[in-house]
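If you read the sequences in order, they're chains A and B. According to our numbering, the first sequence holds residues 54 to 371 in order. According to our numbering, the second sequence holds residues 115 to 417 in order. As structure tokens, the structure follows; a few thoughts come after it.
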Amino acid sequence: MHTYIARRLLYAVPTLLGLTIIIFFVLRVLPGDPLVLLYGEGGSASLTEADKQVIKAKLGLDRPLYQQYAHWLKDVVTGEFGKTFARGDNVAEIVLNRGVITGEIALLAVIVSWLVGLPVGILGAVGQNSVLDYVARFLTIIFLAIPSFWVAVLVVVVSLLVFDYRAPLGIIHPWDDFGANMRIVLGPGMVLGLATAAYIARLARSSLLEVIRDDYIRTARAKGLNERVVVLRHALRNALLPVLTLSGVLFSILLSGSVAVEQGFTVPGLGSALIQAFQERDFVVVQNLVLLYGVLYVVINLLIDLAYGLLDPRIQYT
Amino acid sequence: MTQRVETRAQKAGVASAGLRGTEKVWQSLTTFARRYPVGAVAAVLLVVIGLLAAVAPVVSPHDPLFLNFADLQQPPLSRYVLGTDYEGRDILSRLIYGGRVSLEVSVLSVVLGTTVGAVWGIATAFLGGKFDIISQRGVEIIMSFPTVILAMGLLFALGGGLWTVTVAIAVTRLPFGARVIRSVALTVKALPYVDAARAIGASDLRIMVCHIAPQCVAPYLVLATAHLGTAIAIEASLGFLGIGITPPTPSWGNMLGGIVANTYKPIWWLVVFPGLAISITILAFNLLGDSLRDALDPKLRGQ
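What follows is the structure in structure tokens.
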């Protein structure tokens, strides 16, 4: 068990290094001149050669690329993410401040997606081809097609026009004002959760349908267990494994969607920080935030891999 | 004389073969429609949307870029079928032109991404060894980025525009092509006829192009169709975030951008119609993709 965890952790290291290499290549090598990235074509051309040298030296851009990369890696490992160009805010502070809100939204979305998706999937599988099943499948297909950020905008517009209500703006932490914080994160969390629930419902249904035809389920029924116990205790346990695997991929979809959903609700989370940095051409912030999203995904999938053993004793850690 | 008769016969043969060809296509299309009516309806809907986008200058009632300050924020079903926006531009015309951009970007990006991925997948499956292991790790790393975040990073470096958005979305589709087609190519590679081809002295390239690639066409089509909806969704999110297709060129995504942030009292028809267009198109692509998978996937065939 311990060697498995150790091996799995070691396996993640090259992936994480690969992430940093790709990010560095895309954001620092691909664009060519970083000053053009910062100031635009015209802005960069209007700078004098001396100014350019000063700015480059200040940002450490005058050193060779491999040194810049090594320096960045050192910063990341020590948790020192540098400062934003525009206002000189500490990037690590921004991440901590806004990460709380994005974290709450993601957690809420995961909870909602399982609470809604799983029962819908189970009901569909148990009553295969019943009216309920058709309604559930229809709704699933519709929800898979509707972009979550559009739902977000619709919710905001409807609550504004009909109820004249708008969630509070600004960063409010749960320990400062829990009610206001909930009003901020509830909308995005629900919308993202429902969008993700559609994936879970579809997979839970098909995976349960596969398991329910197995011999051991017939045995369970034959010995007179009632249907609820058969489905919930016997079938569901095995049917959940593929759903859990999918949850890792879903997390990527969730993170992707959260950027646009946060923007739709104008919630000040990590997504809006990323958009802002993008508009201000602040590559230090973009670089670190993109890395953060990638690392989050790798870590979550690592945890899911480790959780397998707890759910399925058949999996041997060798 | 005999020469001429022969040519005539040949011509007739060619003509009838051609006829048989179109008949065959027509027949397989009707079989598909009978067996998968939902997929067929989706396909017809997509053809209509595609045609509307293709002949946008003819069918759109107004100029999508014309700022008509006499008709600001006209509601739908007035002189403008779907109303006008804050600058007095006709929503319906912008939807039609926007569809042109959105469809173009998503189709091109999916074709580009899946094709490059497929070629990569066939090559790694065939060559195997270290090359395969390294490229699989590479695919894994690219997939570790949430798609919109990866596209954003690429657009940050490349700048916004029709082509850069296409390339950015294509990169996010690439790993899927590489993965799926690689696994197909691996099974095909193990079949005896590939050994037979090698035995008669076919080169590696010839085996890959003439013997393995044709077996990957069906999964390629299924994969590409399934990802068209995703590509539309990514383009829409990027446009919505203001980092995709740059205004004033309309796309379905950027028509939704900034509506809530900019005004206290948003007007509903600006929000509803582009979102409906996006959702209906994604829905149609998903339904067609599901039907195509059922029809073309050999594992499910005959069930």
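Glycine included, C-beta positions come from ideal geometry on N, C-alpha and C.
Here the segment 114-125 of chain A makes contact with the segment 72-81 of chain A; the two share three or more CB pairs at distances below 8 Å. For A:S309, the residues of chain B that pass the 7 Å Cβ criterion are P260, T261, V262 and I263, in the order they occur in the chain. A:K111 carries a helical assignment under DSSP once its states are collapsed to helix, strand and coil.
Of the residues B:F180, B:V172, B:V152 and B:G403, the one whose Cα lies closest to the Cα of B:L335 is B:G403. Within the DSSP bridge table, the entry for A:N143 names A:K136 as partners. Taken residue by residue, none of the segment 151-163 of chain B has a beta-carbon sitting less than 7 Å from a beta-carbon on chain A.
In terms of Cβ geometry, A:L307 and A:A205 do not form a close pair [threshold 7 Å]. Cβ-Cβ separation between B:S351 and A:F331: approximately 13 Å, too far for a contact (criterion under 8 Å). Measuring C-alpha to C-alpha distances from A:S260 to each of A:L239, A:V284 and A:L245 identifies A:V284 as the nearest. Contact between B:T261 and A:S311 is absent: CB atoms are separated by about 12 Å, not below the 8 Å threshold.
A distance below 6 Å between beta-carbons, with the five flanking residues on each side excluded, links B:L370 to the following residues of its chain, in chain order: F354 and P388.
The C-beta of A:V144 has 16 or more other C-beta atoms within 10 Å across all chains shown, which makes the residue buried.
Among the CB atoms of chain B, one or more fall inside 7 Å of the CB of A:A313. Within the same chain, Cβ atoms closer than 8 Å to the Cβ of A:V339 are found at L80, L327, A330 and F331, the five residues on either side in sequence being excluded.
A distance below 7 Å separates the beta carbons of A:T68 and A:V351. Secondary structure at B:D177: coil, using DSSP grouped into helix, strand and coil.
Its chain contains A167 as the residues whose beta carbon lies nearer than 6 Å to that of B:L217, once the 5 sequence neighbours on both sides are disregarded; these appear in chain order.
Judged by their CB atoms, B:T228 and B:G267 are not nearer to each other than the 7 Å cut-off.
Within the segment 235-268 of chain A, no residue has a Cβ lying closer than 7 Å to any Cβ of chain B. Residue contact check for B:I295 against chain A: no CB pair falls below 7 Å.
Secondary structure at B:T280: helix, using DSSP grouped into helix, strand and coil. Between the segment 178-195 of chain A and the segment 225-242 of chain A, the count of C-beta pairs closer than 8 Å stays below three; the two stretches do not touch. Listed in chain order, the non-local C-beta contacts of B:L342 below 8 Å within the same chain comprise S220, V221, V224, F399 and G403, local neighbours out to five positions each way being set aside. With a contact defined as Cβ atoms closer than 8 Å, B:S393 and A:P200 qualify at about 7 Å.
Against chain A, a Cβ distance below 8 Å from B:A409 picks out nothing, because the smallest value is about 18 Å. The residue among B:V308, B:V139, B:Q141 and B:I359 with its C-alpha nearest the C-alpha of B:F240 is B:V308. In the three-state DSSP reduction, A:T155 falls in the helix class (H, G or I).
Taking the C-beta atoms as reference points, B:L269 is found no nearer than 7 Å to B:A284. About 5 Å separates the beta carbon of B:I236 from that of B:A299, a gap short enough to meet the 8 Å contact definition.
Judged by pairs of C-beta atoms under 8 Å, the segment 247-261 of chain A touches the segment 287-306 of chain A, as three or more such pairs exist.
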